[in-house]
Amino acid sequence: MGIFDIIHIGMNKSFSRSRSSALFAGLAAYFFVFFVRTSLTVVQPDLQATFSLSASQFSLLTSVYFYTYALMQIPAGVLIDYWGPRKSIALAMIIASVGSWIFASAPNYSTLLLGRFISALGVSPVYIAVLKLNSSWFLPVEFVALTGITTFIGNLGALVSSAPLALLVAKIGWKASFYSIGIITLIVSIIALAFIKDRPSTVGFEDLNEQNSLTWKETMAGLKNIINKREIWFPTLVYFFSLAPVMTLQAAWGVPLLHNLAHVSTITASYIVMLIAVGFMTAALASGMLTARLGELRFSKLFLLFSAILWILLLTASYWPIYVFALWFFLIGFTSAGYMPVWQWGKEIAGTTFSGIGMAIVNAGGFLGAAFGQLFYGVVLDLFHWKSYTTIAFSMSNLMLTMSSVLAFVTLLLYESAKRSRRRR
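Have a look at this one:
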């Protein structure tokens, strides 16, 4: 049987059509969430030339997205559990559209920061809302596979935001490119409002799992209960430490690193950075089969161990020929997929009723890690005078990312130990 064969049995065409419409509208929104998230790395030279940005200023510009996104995850989870995915996604894309227009029209650095902040504020609920849709319209056994498909589509957005966006920017300029992004995200908000249904019962079908409407008091009580659960912090920290290094290069510093260590053009560097998304997408499509065969913990341990080894190897990057960079960027994207089960763990720990909150807490950890990683990467570069001492500065910044990847693996081992201890009781 294929991924969706089980749930197709006995279901009529109307159900399948409603479910497919909701899923594809949600995935369209998430495509642009990832596109916006990773779009700055290819315009770094343009922004630096236009606004005379230092490494620290550019890092702050990229990381403000991730700080905002992280801090909004718990409020977003509460909003989704209380208000539903449909309205949450539609409103998110409208706000993101406004953020892109402000960014494109920015006359100074402060307005750039404001536009980036509003974009992050807007898209912050989308991923958790899509996962909530998945858990409402599909059976629990398929959740990890659906998460893989969702992250595949998201990374397709990241792929398009690298070399294709670089080509578009070269043709029409970075301002016109971000105006265009704003228009498209507005169209996606309309599609979401028209086609997304929160759960089967909203269109006359029986829900696949029991779901009750929550009062605000019940929602806040659920939030407090989940935060007090010790288990929730293990997948949160795994995501914190594992997303920080990969997103630092994919969303901010990958192109500059290749400029300075591999001495390639912006277009060539953007194609190489694109391989992170290609690698992750490859692993994401296989994640359902691999987790079914290996188990979620073994899958994560294997992938995150190899990821840590790859980050250690990056410390020798100043000696690499260009093809090694290309291979490394693909493999780091592939192995970073080891963090994918964290949302399933958050969902299980929180329970069905408060699954949005549980997944949001985990998600917040990852994006807080990405924010810290990007900011500190730029600070370290400036500290070691990267324009004058390029190799040393990038090596020290890469050492910080390497330490983070090792901590991700160690935290995963601690989570496994905690689960074993709990089973013995």
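Numbering follows my numbering, in which position 49 of the sequence shown is assigned residue number 44; successive positions increment by one, without gaps.
Even glycine gets a Cβ: it sits at the ideal position worked out from N, Cα and C.
Span of the alpha helix (DSSP H), counted from its first residue to its last, around residue i
i           : result
residue 112 : 104 to 118
residue 333 : Where residue 333 is concerned, there is no enclosing alpha helix (DSSP H), given that its DSSP letter is neither H nor E.
residue 122 : 121 to 132
residue 94  : 80 to 99
residue 288 : 261 to 289
residue 170 : 169 to 190
residue 234 : 228 to 243
residue 251 : 249 to 256
Distance between residue j and residue i (C-alpha atoms, nearest Å)
i           : j           : result
residue 2   : residue 147 : Model confidence at residue 2 stands at a pLDDT of 44, short of 50, so the residue's coordinates are unreliable and nothing is read from them.
residue -4  : residue 282 : Here the model assigns residue -4 a pLDDT of 39, short of 50, so the residue's position is not dependable, and the following value carries that caveat. Near 16 Å, if we compare the C-alpha coordinates of residue 282 and residue -4.
residue 163 : residue 266 : 13 Å
residue 199 : residue 73  : 25 Å
residue 400 : residue 167 : 38 Å
residue 112 : residue 286 : 36 Å
residue 23  : residue 271 : 20 Å
residue 227 : residue 26  : 27 Å
residue 243 : residue 43  : 18 Å
residue 248 : residue 264 : 11 Å
residue 128 : residue 385 : 46 Å
residue 325 : residue 331 : 10 Å
residue 4   : residue 10  : A caution first: residue 4 carries a pLDDT of 40, below 50, which makes its placement in the model unreliable, though a value can still be read off. Each residue's Cα considered, the two are about 11 Å apart.
residue 189 : residue 81  : 9 Å
residue 256 : residue 390 : 10 Å
residue 185 : residue 14  : 18 Å
residue 92  : residue 417 : 46 Å
residue 192 : residue 312 : 48 Å
residue 134 : residue 125 : 15 Å
residue 349 : residue 194 : 15 Å
residue 37  : residue 141 : 30 Å
residue 210 : residue 346 : 17 Å
residue 294 : residue 300 : 10 Å
residue 409 : residue 358 : 19 Å
residue 159 : residue 305 : 27 Å
residue 405 : residue 236 : 10 Å
residue 382 : residue 339 : 43 Å
residue 336 : residue 231 : 11 Å
residue 314 : residue 258 : 12 Å
residue 53  : residue 392 : 15 Å
residue 49  : residue 318 : 29 Å
residue 388 : residue 307 : 16 Å
residue 35  : residue 165 : 14 Å
residue 424 : residue 64  : The requested residue 424 does not occur in the structure, where the chain is confined to residues -4 to 420.
residue 413 : residue 104 : 46 Å
residue 121 : residue 17  : 13 Å
residue 221 : residue 155 : 36 Å
residue 415 : residue 171 : 54 Å
residue 101 : residue 12  : 42 Å
Residue i and residue j closer than 8 Å at C-beta
i           : j           : result
residue 66  : residue 370 : no
residue 344 : residue 353 : yes
residue 119 : residue 85  : no
residue 229 : residue 173 : no
residue 377 : residue 47  : no
residue 95  : residue 177 : yes
residue 59  : residue 108 : yes
residue 375 : residue 398 : no
residue 20  : residue 187 : yes
residue 234 : residue 368 : no
residue 274 : residue 328 : yes
residue 279 : residue 143 : yes
residue 76  : residue 214 : yes
residue 251 : residue 39  : yes
residue 33  : residue 161 : no
residue 284 : residue 150 : no
Short CB-CB distance (under 8 Å) between residue i and chain B
i          : result
residue 35 : As a matter of chain content, chain B is missing from the structure shown, which is built from one protein chain.
Nearest-angstrom beta carbon gap, residue j and residue i [assumed within contact, 8 Å]
i           : j           : result
residue 181 : residue 88  : 7 Å
residue 310 : residue 323 : Not a contact, Cβ separation roughly 12 Å.
residue 269 : residue 157 : 4 Å
residue 130 : residue 342 : 7 Å
residue 90  : residue 355 : Their Cβ separation, rounded to whole angstroms, is 17 Å, which puts residue 90 and residue 355 out of contact at 8 Å.
residue 29  : residue 153 : 5 Å
residue 62  : residue 366 : 4 Å
residue 411 : residue 292 : 5 Å
residue 407 : residue 296 : 6 Å
residue 31  : residue 114 : 6 Å
residue 218 : residue 69  : 7 Å
Uninterrupted alpha helix (DSSP H) stretches inside the segment 0 to 77 (no shorter than 4 residues) | List check, alpha helix (DSSP H) in window: 0 to 3, 8 to 32, 39 to 46 and 50 to 66.
Whole alpha helix (DSSP H) elements within the segment 308 to 358, 4-residue minimum = Taking only runs of at least 4 residues, the alpha helix (DSSP H) segments lying wholly in the segment 308 to 358 are 317 to 330 and 337 to 345.
Alpha helix (DSSP H) runs wholly inside the segment 377 to 417, at least 4 long, in chain order = none
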